[in-house]
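S.K.: Here the sequence shown is numbered in the numbering used here, starting from 63 and rising by one per residue. All residues carry an ideal CB built from backbone N, CA and C; glycine is no exception. Can you keep this structure in mind? I'll have questions shortly.
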Amino acid sequence: MNTNIIRQILDIQTQAERLISNKADLPQIEEFAKYNDELKSFLLTKIKDNFILNYIKEIPTLNPRAELFLVFI
63 MNTNIIRQIL
73 DIQTQAERLI
83 SNKADLPQIE
93 EFAKYNDELK
103 SFLLTKIKDN
113 FILNYIKEIP
123 TLNPRAELFL
133 VFI
């Protein structure tokens with residue numbers, strides 16, 4: 063598999079862990095959510111391996127504002 067694609071998959075995980083450990087604010091989370099969705103869409107069009115596709119499909123779609131709203135309810 064293309065090492066660039068592997069790097070991109072690992073990048074999602076690394077950035078998510080960094081946001082959690084640094085207690086990121088809403089703009090940072092929103093930016094990550096946008097990046098996450100764009101990268102996931104890109105990978106779904108480029109990856110042909112079903113094993114890897116299943117993992118990509120499990121990457122959650124983030125909606126930080128909706129999730130923040132639920133915290134206050």
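Verify whether the separation of the beta carbon atoms of residue 86 and residue 124 is less than 8 Å.
M.R.: For residue 86 and residue 124, no; Cβs fall outside 8 Å.
S.K.: Tell me the residue span of the alpha helix (DSSP H) that contains residue 85.
M.R.: Segment: none, residue 85 is in no alpha helix (DSSP H) and carries neither H nor E.
S.K.: Might you give, ordered along the chain, the residues of its own chain that have their beta carbon closer than 7 Å to the beta carbon of residue 79, omitting 5 neighbours on each side?
M.R.: There are no such residues.
S.K.: Just reading off the alpha helix (DSSP H) that residue 119 is part of, what are its end residues?
M.R.: Start and end: 112-119.
S.K.: Tell me which same chain residues have a C-beta within less than 8 Å of the C-beta of residue 105, skipping the five on either side of it?
M.R.: These residues qualify, in order along the chain: 67, 70, 71 and 118.
S.K.: Does the Cβ-Cβ distance between residue 102 and residue 121 come in under 8 Å?
M.R.: Against a cut-off of 8 Å, the Cβ pair of residue 121 and residue 102 comes out as a contact.
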